[in-house]
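If you want my numbering, it's the position in the sequence shown, counting the first as 1, plus 32.
Each residue gets a CB set at the ideal place from its N, CA and C atoms; glycine is no exception.
Keep in mind it's a predicted model, so treat the numbers as computed, not measured.
Take a look at the structure set out below.
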Amino acid sequence: MTSELNFEYRNEDSIDRLLKCRICSKPFIDPVITRDGSRFCRKCITEKASVNDSKHLERQSSFIEDLVPVEEKILLDMLDSLHVKCKQCQQTNIRRVHLEDHIPNKCPKRIVLCKASDLKCPWSGPYEERNNHLKQCTFQLLRPILTEALLSHKQLEQYKNSYDEQRHEIEQLKTKIKIYEDRTEKLQKGHTIVLELLTQQTRRCASLEKDIQQIQEQSHKQNIQPIELIKEIEQLKEQYHQINIPSNGFQTEFDRLNQLEQSIDDLAKKFQQLNEQYQKQPYENQQSLNESQQLKEQFNQQMIQLNQCQLEINQLQKENKSRKTEITQVEQKCSQHDIEIHLLARKKCALPTNVTPYDGKIEQLIESFASDSEIYLDGQQLNDRDMELVCKKLIIDKRCSKLRLEYNDISANGATILADGLYGNTTLAELQLSHNRISDMGTHALAQALTINNVTLDWLELHSNSITDEGAEYLADMLKRNKTIILLGLGSNRIGNRGVRLLASAIAGYNETLQWLHLASNKLITDACVNDLIEMLKQNHSLNALWLNDCSLSKDAADKLRQVANSKINFTLEI
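Structural data, given as structure tokens:
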């Protein structure tokens, strides 16, 4: 129910007291019944219970939960049929039940927004005055143009989001490819090691087979040798028995017999040893055969593993090739999106606007410059309005290669107009905007333009432009993607340690083209960021010069930076 402050009852004194709340003495609004059967406005009885039982929360909660809405149709109909007067438009004879619809939808005095509020029109006022406002509302008159501009901006944001997603996808694919390449390299190294092991095992198998063959030949010879020894022993025994010489006979024959007997014993021992070796030989042969069989099985298993590794390497190479093809396709899509973004941006720049006529002197001065030349407009009191003329006449039509706009009155709006002109730039290589008022917002616009597909601008000076850490963050994001900027001048601004850390991180980890970085006369730069600067100098190999003079660095910090700078070849450090 609408608050009673927006209306008042007609003939309130004549309203039956049974329709009134005993707490507020007004007709019921959202009536409820308590446990004892009393009727009150829900808001009135709830507030009273909160005050009376503020120290007994459980009892208060129980009391509120026990409140029952009034459902007597006659009572509710009588309350709804009460006549009230709207305090805003003073209309009378309005039934209270219809007040919910009257105040937000029908009251001519209700406060409404302009129809162009979606275009950021700030007007709000009585409904009856809105038509008069719409007749002269600039936002409504420019709705077709602003709608198209907003639509173009929305499309730009969509393309940018799509571009960022695809760039992220490319980074993920590159990471996967790097993982696959590392894995392939490890598998190839493992493949080489397995081949060496297999070669060694093959040589060992060949050596064992040769040893087995020699053992078998030796075993065969030893099988023959015992038979010959047995025959020789039998012959000696026969000779011994056949000798028939008297015992008192010839001493010489007796000695010879002793020698023969000793020879027989020696031959018997030798025979026994050979026989033992012969008995052991089959067991040793079997061991060699078993070992050879095990080596062959190991060789076969390693060959299977080698084949599996080779198949996996081939599969990884195919996946690697497929990933590279996919990256190429995504990069092509990104390029197409870049082109569409540029077209939309230029279309946005070309939208007609109600612009005050240009200063004739400035236009005459611009016309005096030749095409494809270097343009110097320092100290010409140029403002934001002149930047559209500068973009059209100098950057687009005359295709200038160098543009100096120092010591003028260019703010963030003018820098944004210049940034829009850079989307279609193919000739401008040097832009100097020092000693203006572009601030962080203007820096943001320039950084965005230099992030997307810039191929020519390599020199950007933004000294003395009230740029803070926020602007430095925009430029750091730009340096992560930009591949053309070689000089970035940010002296005499309000950049502090946070901004320096962001710039140093981008230059150390992502940028490989920046050669000169100017941060002199930024008084907020202290020793707190020295380690980040040192890490930047160690990691980055393209930077040749760094200006940090007239900052708030101590002598110890300066000495640390000089020590690192001296270790680099042909590096200039001004501090």
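Cutoff 6 angstroms; reference residue i; Cβ partners in own chain excluding five residues on either side
i      : result
Ser586 : Asp559
Trp548 : Leu519 and Ala577
Cys583 : Asn554 and Ile557
Leu219 : Cys341 and Ile345
Asn276 : For Asn276, the predicted model reports a pLDDT of 48, less than 50, meaning its position is unreliable and no value from the coordinates is stated.
Leu99  : Val64
Arg530 : Asp501
Leu482 : Met510 and Asn514
Ala597 : Phe603 and Leu605
Tyr542 : Lys512
Arg142 : Tyr159
Buried or exposed (CB count within 10 angstroms, at least 16 for buried), residue i
i      : result
Asn554 : buried
His134 : buried
Gly69  : exposed
Asp452 : buried
Asp472 : buried
Pro136 : exposed
Leu111 : buried
Ala447 : buried
Pro59  : buried
Gln190 : exposed
Val422 : buried
Asp416 : buried
Gly392 : exposed
Ser524 : buried
Ala238 : exposed
Ile517 : buried
Val116 : buried
Cβ separation of residue i and residue j, assumed to be a contact under 8 angstroms, to the nearest whole Å
i      : j      : result
Leu437 : Gln464 : 7 angstroms
Gly474 : Asn440 : Between Asn440 and Gly474 the Cβ distance is about 13 angstroms, and since that is not below 8 angstroms, they are no contact.
Leu551 : Leu580 : 6 angstroms
Ile470 : Ala444 : 6 angstroms
Leu492 : Gly521 : 7 angstroms
Leu426 : Ile398 : 6 angstroms
Own chain partners of residue i with C-beta closer than 7 angstroms, once the 5 adjacent residues on each side are dropped
i      : result
Ser403 : Lys430 and Arg431
Asp45  : none
Pro101 : Val64
Arg533 : Cys561 and Asp564
Ala540 : Glu567, Met568, Gln571 and Asn572
Paired residues, beta bridge with residue i - DSSP
i      : result
Arg469 : Ser443
Gln325 : Looking at the DSSP assignment, Gln325 forms no beta bridge with any residue, so it has no partner.
Trp155 : Paired residues: none, contrary to the question.
Cys53  : Beta-bridge pairing links Cys53 to no other residue.
Pro59  : Lys52
Val64  : Phe72 and Pro101
Tyr455 : Answer by DSSP bridge pairing: none, since Tyr455 is not bridged.
Arg436 : Tyr408 and Gln464
Ile126 : Val116
Close beta carbons around residue i, own chain, < 8 angstroms, minus the five adjacent residues each side
i      : result
Cys56  : Cys73 and Cys76
Tyr212 : Leu348, Glu351, Asn352 and Arg355
Arg236 : Leu327
Lys119 : Leu37, Asn38, Phe39 and Glu40
Pro384 : Only weak support exists for where Pro384 lies, its pLDDT of 41 falling under 50; the value from the coordinates is given anyway. The residues are Ile177.
Asp62  : Met33, Cys73, Arg74, Lys75 and Pro101
Gln361 : none
His165 : Cys146, Trp155 and Gly157
Phe282 : At Phe282, the pLDDT of 46 sits below 50, so the modelled position is not reliable and the matter cannot be decided from this model.
Counting Cβ pairs closer than 8 angstroms, one from the segment 474-482 and one from the segment 504-517, do we hit at least three? yes
Counting beta carbon pairs with one atom in the segment 113-133 and one in the segment 148-155, are three or more of them shorter than 8 angstroms? no
At least 3 beta-carbon pairs within less than 8 angstroms: the segment 155-162 vs the segment 172-185: no
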